[in-house]
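Okay, structure first, notes after.
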Amino acid sequence: MVSLSELFSDPASTGTWTLDPAQSTIGVRSKSMWGLVPVKGRFTEFSGDGQLSSPQTVSGHIEINAASLRTGIRKRDEHLHSADFFGAETHPEISVLITGADAIDGDTIDLRAELTIKGTTKPLTLRTKVTPVGDGGMRLVTEATVSRREFGVDGNLVGMIGDKSTISGDLVFRHTR
């Protein structure tokens with residue numbers, strides 16, 4: 001098993017790491033304003049890559065298809081894709097731009113990121129656990145809570161969805177050199 005410090009210090013690890021969508025998930029969850037029923041969903045279409053360069057320099061991006069959000073209720077999904085919420089027709093991509101990383105402990109880093117939703121970009125710190133995957137990949141697990149209204153995601157449904165949403169990622173990257 002490779003430690004995070006070994007990964008960062010190994011010259012063979014430098015280069016491009018490509019997101020493997022088949023082994024990755026990106027989800028979102030929010031409580032209703034009444035707090036009774038959580039709303040959960042998954043994005044089904046996303047791509048991305050990261051670059052690791054010496055010494056310990058990390059950058060990358062993830063592009064998420066806003067219209068790929070699935071909650072299990074078709075009518076709700078259509079409403080979430082509409083101009084009331086994500087406006088997927090005019091803002092088809094949600095993006096995460098990674099600008100750097102700070103080591104926290106043996107397997108945890110803080111990724112410095114910029115999250116863009118509906119054309120609005122905000123800084124975001126993603127506390128991320130990094131672990132090797134048996135076949136040479138690296139798994140990054142993270143989550144962050146954001147205020148959807150800060151990004152212009154409105155959609156007042158009379159208490160159906162609260163302002164705070166938690167975005168989570170369980171992402172596997174493969175070294176492509």
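Anchor point for the sequence shown: position 112 equals 112 in UniProt numbering, and the numbering is continuous, going up by one each time. Note that the Cβ used here is the ideal one computed from N, Cα and C, for glycine as well.
Could you check whether the region 92-103 touches the region 45-62, counting it as contact only if at least three pairs of C-beta atoms, one from each stretch, sit closer than 8 Å? Two segments are said to touch when three or more pairs of C-beta atoms, one from each, lie closer than 8 Å; by this definition the region 92-103 touches the region 45-62.
Check whether the region 147-154 and the region 10-18 are in contact - that is, three or more C-beta pairs closer than 8 Å. By the Cβ test, the region 147-154 is not in contact with the region 10-18, since fewer than three Cβ pairs between them sit closer than 8 Å.
With distances taken between CB atoms, is the gap from V172 to V146 smaller than 8 Å? Taking the sequence shown and counting its residues from 1, one reaches residue 172 at position 172. Taking the sequence shown and counting its residues from 1, one reaches residue 146 at position 146. Contact flag unset, no.
| Among residues of its own chain, excluding the 5 on either side of A103, which ones have a beta-carbon nearer than 6 Å to its beta-carbon? | Taking the first residue of the sequence shown as position 1, residue 103 is located at position 103. Cβ contact annotation for A103 (same chain, cutoff 6 Å, sequence separation greater than five): I109, in chain order.
**Asked** Can the beta-carbon of F86 be found closer than 8 Å to that of K40?
**Response** Within the sequence shown, numbered from 1, the residue matching residue 86 stands at position 86. Within the sequence shown, numbered from 1, the residue matching residue 40 stands at position 40. Cβ distance not < 8 Å, so F86 and K40 don't count as in contact.
What runs of the alpha helix (DSSP H), each 4 residues or longer, lie entirely inside the UniProt domain "Lipid/polyisoprenoid-binding YceI-like" (16-174)? Scanning the UniProt domain "Lipid/polyisoprenoid-binding YceI-like" (16-174) for uninterrupted alpha helix (DSSP H) segments of 4 residues or longer gives 74-81, listed from N- to C-terminal end.
- Whose C-alpha, out of A67, R42 and L52, is nearest the C-alpha of S165? Taking the sequence shown and counting its residues from 1, one reaches residue 165 at position 165. Nearest C-alpha to S165: R42.
Alpha-carbon spacing of R174 relative to T120, whole angstroms: On the sequence shown, position 174 is the one that residue 174 refers to. On the sequence shown, position 120 is the one that residue 120 refers to. In a straight line, the C-alpha of R174 is about 30 Å away from that of T120.
Exercise for the section: Whole angstroms is fine: what's the gap from A113's alpha carbon to P123's? Expected result: Counting from one through the sequence shown, the residue named residue 113 turns up at place 113. Counting from one through the sequence shown, the residue named residue 123 turns up at place 123. A straight line joining the alpha-carbon of A113 with that of P123 spans about 6 Å.
If contacts are defined as beta-carbon pairs under 8 Å, then P21 and R29 qualify, I think. What distance do you get, rounded to the angstrom? To locate residue 21, count along the sequence shown from 1; it is residue 21. To locate residue 29, count along the sequence shown from 1; it is residue 29. The C-beta separation of P21 from R29 comes to about 20 Å, leaving the pair out of contact by the 8 Å criterion.
inquiry  = Which same chain residues end up closer than 7 Å to S53 when comparing Cβ atoms and leaving out the 5 residues on each side of it in sequence?
reply    = By 1-based counting over the sequence shown, the position of residue 53 is 53. By the criterion of a C-beta distance shorter than 7 Å, S53 is surrounded in its chain by T14, once the five residues flanking it on both sides are discounted.
Which listed residue (L19, L126, L69 and D84) has its alpha carbon closest to that of D49 = In the sequence shown, counting from the first residue as 1, residue 49 sits at position 49. It is L19 whose Cα lies nearest to the Cα of D49.
By how many angstroms is the C-alpha of L115 removed from the C-alpha of I167? Looking up residue 167 in the sequence shown gives position 167. Looking up residue 115 in the sequence shown gives position 115. Their Cα atoms are separated by approximately 11 Å.
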